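Student: One structure follows; several queries about it will come next.
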Amino acid sequence: MGFFAKPTMDPATLKLLERARLALAGSSGLLDALAWPRSVEQAFLASHAQQIPEPVYAIDRVAVEARLARLDSFDEELRGDDALVRLLRARTESQRLGARMLLALGTKAFSDLSAQVYGSARSTWLDGDTSNLDFAEHLLQRIGVTELAARGRSDDELDAEGLAAYVRERISKRKHKPKLEILIDPELSAKAIAGKTRLRIRGDATFDDEEARSLYLHEIETHVFTAQNGDAQPHLDFLGAGGPLTTRTQEGLAVFVELYSQALTIGRLRRLVERVRLVAMAEDGASFVDLYRHLVSLGADERAAFLDVARICRGGLCGGGAPFTKDACYLSGLVEVYDFLRLAVSHQGLLVAEVLVSGRLALSELEALVALREQGLLAPPVFVPSWLRRWDDLLAHFAFTSFLSEIDLAFVAQRHAWLARLPLRTLEPAATPASPTE
């Protein structure tokens, strides 16, 4: 798809790219290092949810410090302000922050770095005024859901093997198929976790049809595709691992795909909203037990409550005041990606959208990456997600919604003033969606 020029590289550029591959090789391994063994969950539930978890993180500090030194040394080599140098500076800083977070696991400093990387519940990156928490509360008010009610199992639900078959079937229909190993893991804490080339599914997990579709779009068509597109780059293969600074864009893109594909259910949205609120509560000093009791009071079952709170407390302090703030960035990332695409389709259009899925990247890197695409250093994506293949649909969507955003809703409300006189009704409690995946 799209334009791709044959690159012409001088010896200095070739040397710089070789040094970049060495310096940026691999990933920080941050999320793997944060994972809690299932024994932590079992101990917490055995204490009748009274004992604050005390996870232990095993970090090879010597290896992490060596990686950090290598990144620092490479950063000192970068000179100038051309597109490639700007991209490499951003990549180096992202990987460096990931290494610093690893070294700070289990401390308040980890949470401080987390807020620097992902933002916090009260970050105002959306428009300089509205916080992530403000947005979450607005969504909660509009969807009108007051409980996180657990679902009973339905005859239509897929078990772990059923989900694996569903994912394989969808992949089999693609002309270009990503490499993906699917494993059933009885010890997995979350219901499903996707890495670059592997999808792990908990052995006793079940998924309804909408949950399965949402998971495929979020984990496979977004995270797996962008990672493997990055790996497939002939000159910039370090785009396969973006580091923490790409997370807000990557998660925002994944949730955008759910929303645009009409796979973002009320239950799923309710959980994303509640995670922002959990981050805010933890920042204000709430402990693991406090957060857990809060979710249970909203109707979440014990296991789902534990898993969601573990997402917030992992890496930080379970006693409160120092959370892992990653879950505060999903909704803000959605808005940033949506607004970017709304502008992009009316400018460079397909080219820019293709660049967006060419690797694990941040919106702040796109200017440099578009320039590198035009120079031929960035190749088109090998794996194009379904939403981008339907370019005409995307163009029509944003052509229409861009006009709607200019409509004065107060004028519309005045025209239909009778609505405000009706008794306030809320939706039925939403079914709890998938236990957390990354």
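Counting from 1, position 396 in the sequence shown corresponds to residue 396 in my numbering; the numbering is continuous, with no gaps.
Heads up, the beta-carbon is just placed ideally off N, CA and C, and yes, glycines get one too.
Please read these numbers as outputs of a predicted model, since none were measured by experiment.
(1) Only counting the same chain, and skipping five residues up and downstream in sequence, which positions put a Cβ closer than 8 Å to that of R153?
(2) Identify which residue in Y292, Y260, R415 has its Cα closest to the Cα of E274.
(3) Apart from the five residues just before and just after P244, which ones in its own chain have a Cβ nearer than 8 Å to its Cβ?
(4) Apart from the five residues on each side of it in sequence, which residues of its chain come closer than 7 Å, Cβ to Cβ, to A104?
(5) Would you kindly work out how many angstroms separate the C-alpha atoms of I52 and A282, rounded to a whole number?
(6) So is H48 buried or exposed if we call it buried at 16+ other beta carbons inside 10 Å?
(7) In whole angstroms, what is the alpha-carbon distance linking I193 and L334?
(8) My guess is that K177 and A227 are in contact by the Cβ rule of under 8 Å, so how many angstroms apart are they, rounded?
(9) Less than 7 Å between C-beta atoms, sequence neighbours within five positions excluded: which residues of the same chain meet that for L140?
(10) DSSP puts L317 in a beta bridge; with which residues?
(11) Between which two residues does the beta strand (DSSP E) carrying I407 extend?
(12) Is the beta carbon of A23 less than 9 Å from the beta carbon of R61?
(13) How do the stretch 320 to 327 and the stretch 352 to 361 stand: do at least 3 beta-carbon pairs fall below 8 Å, yes or no?
(14) So for F135, helix, strand or coil by DSSP?
(15) What number of angstroms, rounded off, separates the C-alpha of E41 from the C-alpha of L239?
(16) Would you mind stating whether A286 and L295 have Cβ atoms separated by less than 9 Å?
(17) Specify, as a first and last residue, the run of the beta strand (DSSP E) that R198 falls within.
(18) For V309, which of S332, L163, V276, D127 has the nearest alpha-carbon?
(19) Run through DSSP, which three-state label would D129 get?
(20) Of the residues S39, G26, E54, which one's Cα is nearest the Cα of L68?
Tutor: The relevant details are as follows:
(1) For the purposes of this step, residue 153 is taken as the residue at position 153 of the sequence shown. Caution is warranted here: a pLDDT of 49 is assigned to R153, below 50, making its placement in the model unreliable, and the coordinate value is therefore given only provisionally. Taken in chain order, the residues that qualify are T206.
(2) In the sequence shown, the residue the question calls residue 274 occupies position 274. Answer by Cα proximity: Y292.
(3) Residue 244 sits at position 244 when you count from the first residue of the sequence shown. Cβ neighbours of P244 beyond the five flanking positions: S28, L30, S94, L97, G98, M101, V117, Y118.
(4) Translated into positions along the sequence shown, residue 104 becomes position 104. Closer than 7 Å at the Cβ level, and outside the excluded window around A104, lie F110, L113.
(5) The sequence position of residue 52 within the sequence shown is 52, counting from 1. The sequence position of residue 282 within the sequence shown is 282, counting from 1. So the two alpha carbons sit approximately 13 Å from each other.
(6) Here residue 48 is taken as the residue at index 48 of the sequence shown, counted from 1. With fewer than 16 other Cβ atoms within 10 Å, it is exposed.
(7) Here the question's residue 193 lines up with position 193 in the sequence shown. Here the question's residue 334 lines up with position 334 in the sequence shown. Their backbone Cα atoms lie some 20 Å apart in a straight line.
(8) Translated into the one-based positions of the sequence shown, residue 177 becomes position 177. Translated into the one-based positions of the sequence shown, residue 227 becomes position 227. With 8 Å as the limit, K177 and A227 do not qualify as a contact, their Cβ atoms being about 15 Å apart.
(9) Position 140 of the sequence shown, counting from 1, holds the residue named residue 140. Within the same chain, L140 has close Cβ partners V273.
(10) Counting from one through the sequence shown, the residue named residue 317 turns up at place 317. Paired residues: A322.
(11) Reading the sequence shown from its first residue, position 407 is the one you call residue 407. No beta strand (DSSP E) holds I407; DSSP gives it neither H nor E.
(12) Start at 1 with the first residue of the sequence shown, and residue 23 comes out as number 23. Start at 1 with the first residue of the sequence shown, and residue 61 comes out as number 61. Not a contact, by the Cβ cut-off of 9 Å.
(13) no
(14) Mapped onto the sequence shown, residue 135 falls at position 135. F135: helix per DSSP, three-state reduction.
(15) Locating residue 41 in the sequence shown gives position 41, where the first residue counts as 1. Locating residue 239 in the sequence shown gives position 239, where the first residue counts as 1. Each residue's alpha carbon lies about 35 Å from the other.
(16) To locate residue 286, count along the sequence shown from 1; it is residue 286. To locate residue 295, count along the sequence shown from 1; it is residue 295. Not a contact, by the Cβ cut-off of 9 Å.
(17) Locating residue 198 in the sequence shown gives position 198, where the first residue counts as 1. Note, R198: beta strand (DSSP E), 198 to 202.
(18) Here residue 309 refers to the residue found at position 309 of the sequence shown. Ranking the options by Cα distance to V309, first place goes to V276.
(19) Along the sequence shown, one-based indexing puts residue 129 at 129. Looking at D129 - three-state DSSP - the assignment turns out to be coil, as it is neither helix nor strand.
(20) The residue given as residue 68 occupies position 68 in the sequence shown. Checked all of S39, G26, E54; the closest Cα to L68 is G26.
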